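These notes concern the structure reproduced below.
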Amino acid sequence: MEISESDGAITFSVRVVPRASKSEIVGEHDGYLRVRISAPPVDGAANGESVRVLAKYFGVAKSDVEIRSGISSRTKRIRVSGVTAARFRILLG
493 MEISESDGAI
503 TFSVRVVPRA
513 SKSEIVGEHD
523 GYLRVRISAP
533 PVDGAANGES
543 VRVLAKYFGV
553 AKSDVEIRSG
563 ISSRTKRIRV
573 SGVTAARFRI
583 LLG
């Protein structure tokens with residue numbers, strides 16, 4: 493999985509699975525962080541839920557999680573401020 497680190501933030505790719513039974517981080521799969529979201533992909537609900545789940549996972553504020561690209565796609569590029577690549581890898585296990 494490719495993780496870029498610069499200016500006190502990391503950037504990586506996620507694959508979002510909407511309408512899941514519960515919202516959770518599943519782990520790495522095919523070079524993406526796989527995120528299951530209970531919200532449907534309607535009116536930005538899945539994007540908002542994705543930001544909330546990622547913020548909780550990394551222990552940062554929702555304002556520290558930004559969708560850089562892929563707003564209307566299941567594959568997104570995410571930037572998280574206040575997290576290092578080393579901490580990200582530790583959280584992944």
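My numbering puts the sequence shown at residues 493 to 585.
Just so you know, even glycine gets a beta-carbon here, dropped at the ideal spot from N, CA and C.
Just so it is clear, the structure is predicted and the values come from calculations on it, not from any experiment.
Item to check | CA-to-CA distance, Ser-496 to Arg-566, given in whole angstroms | outcome: 20 Å
Next on the checklist: Can you look up Lys-568 in the DSSP assignment and give me helix, strand or coil?
Outcome noted: Of the three classes helix, strand and coil, the one that applies to Lys-568 here is strand, per DSSP.
Item to check | Nonlocal neighbours in the same chain, by C-beta distance under 6 Å from Val-575, ignoring five residues either side | outcome: Ile-502 and Phe-550
Checklist entry - In chain order, what residues of the same chain lie with their CB nearer than 8 Å to the CB of Glu-541, ignoring the 5 residues before and after it? => result Ser-515, Ile-529, Ser-530 and Ala-531
Checklist entry - Taking Gly-585 as the reference, which of Ile-570, Gly-523, Val-552 and Gly-519 has the closest Cα? => result Nearest option by C-alpha distance: Gly-519.
Checklist entry - Which whole-angstrom value describes the C-beta separation of Ser-573 and Val-543, a residue pair presumed to lie in contact below a C-beta threshold of 8 Å? => result Not really, about 12 Å apart at Cβ, beyond 8 Å.
Checklist entry - Which residue's Cα is closest to the Cα of Leu-525: Leu-546, Val-534 and Ser-564? => result Leu-546
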